Structures are given as C-alpha cells and as structure tokens.
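K.L.:
Residue numbering for the sequence shown follows my numbering, beginning at 299 and increasing consecutively. Here a beta-carbon is modelled for each residue, glycine too, at the ideal position from N, C-alpha and C. In this text the structure is predicted, and so the values were computed from the model without any measurement. Take a look at this one; I'll ask things after.
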Amino acid sequence: MSRQIVLDTETTGLSAEGGDRIIELGCVELFNRKLTGNNLHLYFNPGRDSHEDALKVHGISNEFLKDKPKFADMAEDILRYLQGAEIIIHNAAFDVGFLNKELELTGRPAFGSFVAGITDTLAMAKEMYPGKRNSLDALCDRLGVDNSSRTLHGALLDAELLADVYINLTRGQDALLISDESEEDEGGVKIAPIDLSSITLQVLRASEAELAEHDATLAQIDKASGGKTIWKTSAQA
Numbered sequence: 299m300s301r302q303i304v305l306d307t308e309t310t311g312l313s314a315e316g317g318d319r320i321i322e323l324g325c326v327e328l329f330n331r332k333l334t335g336n337n338l339h340l341y342f343n344p345g346r347d348s349h350e351d352a353l354k355v356h357g358i359s360n361e362f363l364k365d366k367p368k369f370a371d372m373a374e375d376i377l378r379y380l381q382g383a384e385i386i387i388h389n390a391a392f393d394v395g396f397l398n399k400e401l402e403l404t405g406r407p408a409f410g411s412f413v414a415g416i417t418d419t420l421a422m423a424k425e426m427y428p429g430k431r432n433s434l435d436a437l438c439d440r441l442g443v444d445n446s447s448r449t450l451h452g453a454l455l456d457a458e459l460l461a462d463v464y465i466n467l468t469r470g471q472d473a474l475l476i477s478d479e480s481e482e483d484e485g486g487v488k489i490a491p492i493d494l495s496s497i498t499l500q501v502l503r504a505s506e507a508e509l510a511e512h513d514a515t516l517a518q519i520d521k522a523s524g525g526k527t528i529w530k531t532s533a534q535a
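Below is the structure:
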C-alpha cells in the first residue's frame, strides 16, 4: 500500500530565515497512485504582511488572513494528516525550508522526521528534461495537464496540478515493479500472490522425426554460412 501526499505552500515572501511565514497549505492525497479526495487545505494568519511581490503571485490579501488560525494552532492536525506518507513537492527545498521553520517555532523536530520521505518533482523533471524549462506551468504544457484555471498561484490548485504532473512523470513505472505482497485491484478486491513452487510443468519431448528435421535445418544453416555457425565452432572448441 502506498500513501503519497502532494504538497504546496504559499508564503509572505521568499525567506523563512528572514521572517517570512506560510500563509496557505494545500495537500492532495494519492493512494496507490489514485486521487482519494482526502485533501487538506488551510489558510494561516502569519502575524505579518506579505511582501508586495508575493501578493502579486498568490493574491491572498493581508485582510483575508487576519481571522485565520496560526500555523502553531494547526500543527498537530497537519502532522497527523501527513504522518508516514511520502511527500511530493515541486522545488522541495523551498517548501520544506518554510515547514521546518514553522515547526521549529513550535518546538518540534524537522519536517522530514514525521514523513516517510520527500520527492522533489523539480529534480525529477530536470533529470528527465535536461536544459528545458521545468516550472509547474511548463510541465503542465509538456505533459498535457490542463492548467487553464491557474491565473494566480494557490496552494491547493497547484498541489492538484502537481499530482497530475507527477502521475504523468512516473507513468509506466508500475509495470516495472513486481510485488511480493498481496495487492488490491481497482474494485478493492484483494488478490493473493500465487505460489508456483508446487506446480510441476509437463515436459513435451521432441519426436525422432522432429529431431531429424531440426538437425537437417541446422545443417542447411551451417552450410550457408560456410561452416562458421557458432554452435559448431563452440562444440569443436
């Protein structure tokens, strides 16, 4: 079973260490690579105004945030939701840096200690498409993800778009994985792994006529190659 959370934040500015804070958190849950609808979306009162440049990006006014809870008041609920999941983030260093600062201000350990792992889709995209633009919008265009409703950045919308992008980036990987565990099909029916160790395969041996025909065919091939067939030279060696 694989639980993943696609996560995005909006902030008052670009520097967590410089005093900027998270104002919006958007999380989209995937279970076995399928959207579950069990999402998390929160706004926070950061206790400070957003920088003018940040306002142009997310459009979330300082007035709108005044009656919202503090991050510290919601931290326990957030961590309970994220606990043990793989977290998928575009440009993870930015969001994780802010989450670490918010958790530090509440006296808690770093973000990574609460989750199973962190996957950075920006790093994935740079490896898959070196030398190309790999912003979220660029990846949406490249992978056919509809981002026409994205006029401003919003944490939940961006997380939803990133979930689609991630599924497209990793499409086909499932076929390469063979699990020893029992799995469920799309209808939720548990499929038990099959033990093949007790099955005896029937061996059908070639008849004399079939063996003679096989030898004749090999002789023809050897003659056509001037006696240079691999099986003949290997046998002589």
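Give, in chain order, every unbroken run of the alpha helix (DSSP H) that is at least 4 residues long and sits entirely within the region 315–371.
P.N.:
DSSP runs (the alpha helix (DSSP H)) wholly in the region 315–371: 350–356, 360–363.
K.L.:
For R319, which residues from the same chain have a beta carbon less than 6 angstroms from its beta carbon, with the 5 sequence-adjacent residues on both sides left out?
P.N.:
In the sequence shown, residue 319 corresponds to position 21, counting from 1. So the qualifying residues of the chain are T310, P344.
K.L.:
Which of helix, strand or coil does DSSP assign to G311?
P.N.:
Translated into the one-based positions of the sequence shown, residue 311 becomes position 13. Residue state, collapsed to three classes: coil.
K.L.:
Using a threshold of 7 angstroms, state whether the C-beta atoms of F396 and T307 are closer than that.
P.N.:
Residue 396 sits at position 98 when you count from the first residue of the sequence shown. Residue 307 sits at position 9 when you count from the first residue of the sequence shown. Their beta carbons are under 7 angstroms apart, which means F396 touches T307 by this criterion.
K.L.:
Is I387 near L305, with beta carbons less than 7 angstroms apart?
P.N.:
Along the sequence shown, one-based indexing puts residue 387 at 89. Along the sequence shown, one-based indexing puts residue 305 at 7. Yes, the Cβ-Cβ distance between I387 and L305 is below 7 angstroms.
K.L.:
Count the other C-beta atoms from every protein chain shown that fall within 10 angstroms of the C-beta of K399, then say buried if there are 16 or more, exposed otherwise.
P.N.:
Walking along the sequence shown from the start, residue 399 turns up at place 101. It counts as buried.
K.L.:
Roughly how many angstroms separate the alpha carbons of R346 and E361, rounded to a whole number?
P.N.:
Here residue 346 refers to the residue found at position 48 when the sequence shown is read from its first residue. Here residue 361 refers to the residue found at position 63 when the sequence shown is read from its first residue. Distance between the alpha carbons of R346 and E361 is about 11 angstroms.
K.L.:
Once DSSP output is grouped into helix, strand and coil, what is the label at G442?
P.N.:
Mapped onto the sequence shown, residue 442 falls at position 144. Looking at G442 - three-state DSSP - the assignment turns out to be coil, as it is neither helix nor strand.
K.L.:
Should L403 be labelled buried (16 or more other beta-carbon atoms within 10 Å of its own) or exposed?
P.N.:
For the purposes of this step, residue 403 is identified with residue 105 of the sequence shown, where counting begins at 1. The residue in question, L403, is exposed, as its Cβ has fewer than 16 Cβ neighbours within 10 Å.
K.L.:
Which same chain residues, not among the five before or five after F412, have their C-beta less than 7 angstroms away from its C-beta?
P.N.:
Numbered from 1 along the sequence shown, position 114 holds the residue referred to as residue 412. Hits under 7 angstroms: L377, L380, Q381.
K.L.:
Who are the Cβ neighbours of E484 in its own chain at under 7 angstroms, not counting the five residues just before and after it?
P.N.:
Walking along the sequence shown from the start, residue 484 turns up at place 186. Note that E484 has pLDDT 45, beneath the 50 cutoff, so the model's placement of it is unreliable and the number below is only indicative. Here the set comprises nothing.
K.L.:
What are the start and end residues of the beta strand (DSSP E) that includes G415?
P.N.:
Reading the sequence shown from its first residue, position 117 is the one you call residue 415. Run containing G415: 415–418, per the beta strand (DSSP E) assignment.
K.L.:
With distances taken Cα to Cα, identify the nearest neighbour of R331 among F342, S523, E374, L460.
P.N.:
For this step, residue 331 is matched to residue 33 along the sequence shown. It is L460 whose Cα lies nearest to the Cα of R331.
K.L.:
Given this structure, state the Cα-to-Cα distance separating L441 from E350, to the nearest angstrom.
P.N.:
On the sequence shown, position 143 is the one that residue 441 refers to. On the sequence shown, position 52 is the one that residue 350 refers to. Using only the alpha carbons, I get a separation of about 32 angstroms.
K.L.:
Please classify D375 as buried or exposed, where buried requires at least 16 neighbouring CB atoms within 10 angstroms.
P.N.:
Counted from its first residue, the sequence shown places residue 375 at position 77. Exposed, because fewer than 16 other Cβ atoms sit within 10 Å of the Cβ of D375.
K.L.:
Find the nearest neighbour of M426 within the set N466, K368, S300, L312, judged by alpha-carbon distance.
P.N.:
Working through the sequence shown from its first residue, we reach residue 426 at position 128. When each option's Cα is compared against that of M426, the closest is N466.
K.L.:
Using DSSP bridges, identify the partner residues of R301.
P.N.:
For this step, residue 301 is matched to residue 3 along the sequence shown. Partner(s): F329.
K.L.:
Quick one: residues in its chain with C-beta nearer than 7 angstroms to the C-beta of E458, no 5 flanking neighbours on either side, listed in chain order?
P.N.:
Taking the sequence shown and counting its residues from 1, one reaches residue 458 at position 160. For E458, where only same-chain residues beyond five positions count, the Cβ hits under 7 angstroms are V326.
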